[in-house]
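2 protein chains.
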Amino acid sequence: MSTPQLTKNQALVFDVLTKAESPLSAYTILDKLRDQGFRAPLQVYRALEKLLEYGVVHRLESINSFVACAHPDENCHNHGLVAFAICESCGQVIEFHDHEVDHRLMDWLRSQKFKPEKATIEIRGHCATCS
Amino acid sequence: MSTPQLTKNQALVFDVLTKAESPLSAYTILDKLRDQGFRAPLQVYRALEKLLEYGVVHRLESINSFVACAHPDENCHNHGLVAFAICESCGQVIEFHDHEVDHRLMDWLRSQKFKPEKATIEIRGHCATCS
DNA sequence: TGGAGTCTGTTATATTATTACATCAATTGC
DNA sequence: GCAATTGATGTAATAATATAACAGACTCCA
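These protein sequences, in sequence, are chains A and B. The numbering used here numbers the first residue of the first sequence as -11 and each following residue consecutively. The numbering used here numbers the first residue of the second sequence as -11 and each following residue consecutively.
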């Protein structure tokens, strides 16, 4: 699945996320886009929904925030599992793909006859510069 | 760290979680405890905070809910990493500990000089009986 | 006995996310 | 062409989740 042309709102939201140093909450994005005419949370959430679907944005469940995918070129859905290390101090996120972890988890899920649809791996702590 | 004697509120919350078939949100717990005198969300959140600290309850970030730990006897903090498979249909949760995954992730974090404090691994999908 | 620490109760508020409904534009099928 | 459908948008209202701030009660123990 390739990423289709983004709509105006989607492009605005994606742009804000791309330029951000760290993950942003939906309401932070909203605030940053008020000048561009955004007035309501739904404008953000709807754009995010699509961007997540296209795999160009990730949602960090443990902090209710969103980041642009670290791999602008490739499509993140093809990587299988993605893990995130999130710094509690500076907020920076390191994105990580590992087939070993992926396989191991998938093997276990298979053994449980569990059909996975979506996975979340988030490690919170302190990054090299903050610790 | 062993689990200290629970206070009244902690015991009530823990009891509700233990008897539940699937994860509960804080507000669901609150509703279930209104008869026992609970009136405000903080009563639940404060108890949960302690139960999480003791390792007898887990928080599922991806669904904003809480489950009793599947290992009543042992202390979950000793297991290292815990992974959860969460069924989208029936809500049931399977808890999973794997040292392989654990080591692999920790190795990677070390290579990044990232100091982990808390990890979240949640896989959502459909369990054996629901798929 | 009187601090220190912890747990509790309560009100208010902050933060995150969705429902519901209306409009507009592009596309499709006839 | 033109109704019908689909998808994106705008807006207001509300739901669901979580925390702040303040006060009172209780235990421990020096």
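Glycine included, C-beta positions come from ideal geometry on N, C-alpha and C.
Am I right that residue i and residue j are in contact with their C-beta atoms under 8 angstroms? What's the rounded C-beta distance?
i: residue 17 of chain B; j: residue 72 of chain B; result: Contact flag wrong, Cβ pair sits at about 18 angstroms.
i: residue 70 of chain A; j: residue 32 of chain A; result: Actually they are not in contact, since the Cβ atoms of residue 70 of chain A and residue 32 of chain A sit about 22 angstroms apart, beyond 8 angstroms.
i: residue 102 of chain B; j: residue 116 of chain A; result: 7 angstroms
i: residue 76 of chain B; j: residue 58 of chain B; result: With a Cβ gap of about 19 angstroms, residue 76 of chain B and residue 58 of chain B do not count as contacting.
Quick check on residue i: buried or exposed, where buried means 16 or more other Cβ atoms within 10 Å of its Cβ?
i: residue 107 of chain A; result: buried
i: residue 23 of chain A; result: exposed
i: residue 155 of chain A; result: Here chain A has residues from -11 to 119 only, and residue 155 of chain A is not among them.
i: residue 95 of chain B; result: exposed
Residues in its own chain within less than 8 angstroms of residue i by CB, not counting five upstream and five downstream?
i: residue 11 of chain B; result: 48, 51, 53, 54, 55, 74, 79 and 81
i: residue 35 of chain A; result: -5, -3, -2, 0, 1 and 2
i: residue -9 of chain A; result: 42, 43, 44 and 63
i: residue 85 of chain A; result: 67, 68, 69, 70 and 71
Take residue i and list the residues in its own chain whose beta-carbon comes closer than 7 angstroms to its own, dropping the five residues that flank it on each side.
i: residue 20 of chain B; result: 4
i: residue 97 of chain B; result: 104
i: residue 39 of chain B; result: -2, 1, 2 and 45
i: residue 90 of chain A; result: 68 and 69
i: residue 29 of chain B; result: 14, 15 and 18
Please work out which residues of its chain come closer than 6 angstroms, Cβ to Cβ, to residue i, disregarding the five sequence neighbours upstream and downstream, and give them in chain order.
i: residue 26 of chain A; result: 18
i: residue 118 of chain A; result: 75, 77 and 78
May I have a chain-ordered list of the alpha helix (DSSP H) segments no shorter than 4 residues that lie completely inside the stretch 60 to 99 of chain A?
87 to 99
Cβ pair count under 8 angstroms reaching 3, the stretch -1 to 8 of chain B against the stretch 104 to 119 of chain A:
no
For the stretch -6 to 63 of chain B, which segments carrying the alpha helix (DSSP H) assignment without a break, of at least 4 residues, lie completely within its bounds, in sequence order?
-4 to 7, 14 to 20 and 29 to 42
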